[in-house]
Each structure stands twice: as structure tokens, then as C-alpha cells.
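Asks:
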DNA sequence: TTGACAACTTACTAACTAGTAAGTAAAATC
DNA sequence: GATTTTACTTACTAGTTAGTAAGTTGTCAA
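Residue numbers (this note's numbering), protein chains in the order written: chain A, 1 to 191; chain B, 192 to 382.
1. Which chain A residues sit within Cβ distance under 7 Å of residue 298 of chain B?
2. Please confirm whether residue 306 of chain B has its beta-carbon closer than 8 Å to some beta-carbon of chain A.
3. Short check: CB of residue 307 of chain B to CB of residue 223 of chain B, under 8 Å?
4. Under 7 Å Cβ to Cβ from residue 155 of chain A, same chain only, skipping five residues before and after it: list those, please.
5. In this structure, does DSSP put residue 268 of chain B in helix, strand or coil?
6. Show which residues of chain B have a CB atom less than 9 Å away from the CB atom of residue 126 of chain A.
7. Please list, in chain order, the residues of the segment 318-338 of chain B that have any C-beta partner in chain A closer than 9 Å.
8. Pop quiz: residue 105 of chain A and residue 19 of chain A are said to be a contact at Cβ under 8 Å. What is the actual Cβ separation, rounded to whole angstroms?
9. Let me make sure I understand the geometry here. Which of B/292, B/375, B/266 and B/237 has the alpha-carbon closest to that of residue 215 of chain B?
10. Buried or exposed: which applies to residue 370 of chain B, given that a residue is buried once 16 or more other Cβ atoms fall within 10 Å of its Cβ?
11. Between the segment 17-33 of chain A and chain B, which residues of the former have CB atoms less than 7 Å from a CB of the latter, in chain order?
12. Which residue spans inside the segment 38-68 of chain A form an unbroken alpha helix (DSSP H) run of at least 4?
13. Say whether chain A places a C-beta atom closer than 8 Å to the C-beta of residue 348 of chain B.
14. Anything in the segment 237-254 of chain B with a Cβ closer than 7 Å to a Cβ of chain A? List those residues in chain order, please.
15. Counting Cβ pairs, one atom from each stretch, are 3 or more of them under 8 Å apart for the segment 223-237 of chain B and the segment 194-202 of chain B?
16. What residues in its chain sit with their C-beta under 8 Å from that of residue 75 of chain A, if we drop five residues either side in the sequence?
17. What residue range does the alpha helix (DSSP H) around residue 196 of chain B cover?
This is the structure we're talking about:
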């Protein structure tokens with residue numbers, strides 16, 4: 001009998017990677033079990049349904065994001081550095097590896113994924129938008145960001161753009177993604 | 192024997208709708224044949240493989256986009272109205288019906304779709320970006336648009352944002368999409 | 001040392017997937 | 001009027017999917 005080390009964590013890691021790579025409808029339990037050298041029933045033991053597995057991936061990401069933004073290494077940054085940190089989540093490793101945002105991947109397939117997973121995606125999206133909004137607000141008040149409109153709609157613009165740009169990078173290359181990030185900075189930063 | 196009227200066109204219509212709704216890996220030939228009241232082999236007669244069908248959908252969209260932008264009803268518009276026309280493609284009917292951009296849908300699943308389809312998606316994306324870039328360029332020269340950076344990267348920003356915002360609308364509602372469009376106008380238009 | 005429990009395997013199912021080969025009916029062409 | 005072509009149906013396949021029930025093994029606690 002093959003024992004998986006840190007089974008739950010290892011399975012979630014793999015599922016997260018597959019989600020970003022192939023999408024929810026693009027991977028199967030067989031992909032995971034084959035990779036780990038176990039039978040598919042071993043995956044079902046930990047996550048009875050695919051919906052459970054998907055939810056676990058997003059839930060962990062929500063917890064992680066909450067930890068990040070409340071950790072002093074992010075919380076105490078200047079608004080400009082907070083924004084750079086946010087962009088770096090996607091620039092380092094994701095765009096270069098053809099991976100996309102979990103939220104974007106699942107929202108693209110939103111009408112063909114289970115109900116419970118949709119709720120989880122919605123919650124994550126709201127949480128990330130809320131953080132981005134308050135960061136923009138903070139920066140505007142501090143006089144380092146300039147933009148018209150509300151912080152909420154500017155946050156929605158930036159977030160949706162990052163989401164779309166990661167997908168764009170797959171077809172048109174990483175450079176396009178980096179161009180978009182630079183453009184956001186030019187639009188936003190007071191020079 | 193049930194005869195489909197305008198069979199090829201009707202099948203492509205349905206496939207396009209399913210693509211925008213469920214994604215490439217989220218629909219099957221059975222969905223289409225059931226909807227039309229025929230057998231799945233009837234669909235295979237017109238489009239031997241699913242890749243063929245996907246390519247046909249994107250190819251038709253490319254032709255349609257080319258016709259639109261070369262038609263005087265769009266070509267002769269002012270830059271501002273061209274941009275409004277572009278936004279209206281997505282505002283009217285797509286965002287409200289939970290449908291997303293074809294390009295976005297397929298790029299989100301890029302690593303789990305057939306090779307030939309990827310090429311077609313890439314071509315469509317390039318064509319749309321090129322048009323948007325030249326529209327932005329035209330508007331900047333005419334003094335009706337204001338933005339830093341190159342028209343190319345501003346075009347990539349706007350396009351990726353529309354793509355992401357359509358996906359966002361599914362989880363967070365249509366209003367969020369409309370906020371993003373308004374924000375783009377505020378960012379861009381000379382007041 | 002025993003028993004309980006966790007983490008698997010074995011072996012299976014029912015439903016669905018894209019795709020095919022051969023047959024049929026109606027319409028168009030000769 | 002005969003023949004060819006188009007657009008389907010019938011009937012099937014091999015592979016994959018998520019999911020389950022029952023059995024096995026290794027570990028840890030009493």
C-alpha cells in the first residue's frame with residue numbers, strides 16, 4: 001500500500017495546480033491519483049466528491065489570503081508596495097507558467113461547476129476585491145495614487161484586468177501580461 | 192428523419208452559445224443534438240470532431256468581427272463611439288445573460304483544448320487587440336482620449352479587463368461589469 | 001496484545017464522452 | 001425515370017468520468 005505524505009495537503013496542492021492549468025472540467029481524479037501513484041478511491045476517501053475537493057482548494061486559498069493581508073509583512077507596507085505585492089502574486093510563477101487566477105478559471109466555467117463551489121468562488125472574489133479597494137483608497141488619500149471614480153470600481157477594473165491578462169498571456173505570451181501591469185502603474189501612480 | 196434548418200449555421204449558433212455558457216469542456220455533442228431533436232451522429236456528420244466545431248465557431252466570429260469593423264456603420268464612427276460600440280458588444284446581452292467572451296472562455300481552458308482551436312483563438316485575440324489599439328491611437332491623436340503608455344498596452348489593459356469583468360459578473364452581478372466599463376470611460380475620456 | 005481507527009486497495013458501476021460504420025430516405029442532378 | 005448526393009438514423013465502440021462498497025494493512029492507544 002502506497003502512503004501519501006501529508007495526503008490532504010498534497011492532494012489539495014495538486015488539485016490547485018490542475019485547476020489553474022486545465023480548469024475544473026479539464027481534470028479528473030485519475031490525474032491526481034496517477035500523479036501520486038495511488039488509486040482514485042484513495043482521493044475519494046479524502047474528498048468524497050469533486051465539489052468537496054474544489055471547495056477545499058478555494059477555502060484554503062481564502063485562509064491564505066486572509067493570513068497574508070493581516071501579516072505585518074503586507075499590512076505594514078505602503079499602498080504602492082501593497083499594490084506591487086498584489087501584482088507579484090500573479091507575475092511571479094503564474095503568468096510564466098501559463099497558470100491563471102483560481103477565481104478567473106472557475107468563473108469562466110461558472111455555469112458548469114457545482115453550486116457549493118460557486119459560493120466559495122464568490123466569497124474569495126469579494127474578499128480580494130475588498131482588500132484591493134481599501135488599498136486604493138488608502139493610496140489615494142495618501143496622495144500616491146491618482147484616479148477618477150470610486151476605489152470600488154477602480155479595484156474591480158484592476159482585478160478584472162489582471163484576471164483577463166493572465167488568460168491572455170497563454171495565447172499571446174507573458175510579455176503582454178507584463179505590459180498590462182506596467183500600464184496599470186502608469187495609470188495609477190502619481191509621477 | 193428530422194431535418195435541421197440551416198443545419199451548419201444552427202449547430203454553430205448553439206455551439207457558440209454553449210461555449211460562452213459552459214466552456215469547451217463543459218458541453219457535449221449530446222447537448223447540441225438533444226436541443227435540435229436529432230442524434231449525435233448528425234452533428235458529427237457536419238463537424239467530424241469537436242475541434243472542428245470549436246474552430247468553426249471562432250472562425251465565423253473572426254469573419255463577423257472583420258465585417259463589422261470594415262462596415263461604415265462602425266468604420267466611420269468617431270473614436271469615442273467606436274469604443275462605445277466595442278463595449279456594447281459585451282454589455283448588451285452577454286453580461287446580462289451570464290455569457291462571457293469567447294476568447295476569455297477558451298483561454299481559461301487553453302491548456303485543455305485542442306491545438307488547432309488554440310491557434311484560432313490566438314488569431315481572434317490578436318485581431319481584436321489590433322483594432323482596439325488603432326482606435327485608441329486615433330482617439331488620442333484627435334485629443335478625445337487621454338492615457339499614458341502606448342496604445343498597444345492600453346488596449347491590452349482594456350481588453351483583458353472586459354474579458355475578466357464578464358467573468359466577474361457571473362459571481363458578483365452585472366452591476367460590477369457596468370461599473371468597470373464606466374471606470375474605463377472615466378479613465379480615458381477627456382472631460 | 002488486542003482492538004480500534006485511519007488510510008488505503010480491489011473491484012466494481014452507471015453514466016457519459018467523442019467518434020465510427022453501415023444503412024435509409026428525400027432531394028437534386030442527369 | 002434513374003442515379004447520385006446530402007442529411008440524416010441506427011447501432012455500436014472504446015475510453016473516461018465520478019463515485020461506491022467491501023476488504024486489507026499499518027499505526028497507535030489502552
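Beta carbons are placed, not taken as given, at the ideal position from N, Cα and C, and that holds for glycine.
Replies: For this structure:
1. Numbered from 1 along the second chain, position 107 holds the residue referred to as residue 298 of chain B. Those are 167, 168, 170 and 171, listed as they occur along chain A.
2. As a working note, residue 306 of chain B is residue 115 in the second chain. Not an interface residue.
3. Here residue 307 of chain B refers to the residue found at position 116 of the second chain. Here residue 223 of chain B refers to the residue found at position 32 of the second chain. No, the Cβ-Cβ distance between residue 307 of chain B and residue 223 of chain B is not below 8 Å.
4. Residue mapping note: residue 155 of chain A aligns to position 155 of the first chain, counting from 1. The answer, listed in chain order, is 129, 132, 133 and 136.
5. Counted from its first residue, the second chain places residue 268 of chain B at position 77. Correct three-state label for residue 268 of chain B: coil.
6. Here the question's residue 126 of chain A lines up with position 126 in the first chain. Near residue 126 of chain A (Cβ distances below 9 Å), the residues of chain B are 362 and 363.
7. 320 and 338
8. Looking up residue 105 of chain A in the first chain gives position 105. Looking up residue 19 of chain A in the first chain gives position 19. So it is a contact: roughly 6 Å between Cβ atoms.
9. Numbered from 1 along the second chain, position 24 holds the residue referred to as residue 215 of chain B. Checking every option, the nearest Cα to that of residue 215 of chain B belongs to B/292.
10. Sequence index remark: in the second chain, residue 370 of chain B carries index 179 (1-based). Looking at its Cβ environment, which holds 16 or more other Cβ atoms inside 10 Å, residue 370 of chain B is buried.
11. 21, 22, 23, 25 and 26
12. 40-46
13. Mapped onto the second chain, residue 348 of chain B falls at position 157. It does: the Cβ of residue 348 of chain B has a partner Cβ on chain A nearer than 8 Å.
14. none
15. yes
16. One-based indexing of the first chain puts residue 75 of chain A at position 75. Closer than 8 Å at the Cβ level, and outside the excluded window around residue 75 of chain A, lie 69.
17. In the second chain, residue 196 of chain B corresponds to position 5, counting from 1. Looking at the DSSP string, residue 196 of chain B is not in any alpha helix (DSSP H), and its letter there is neither H nor E.
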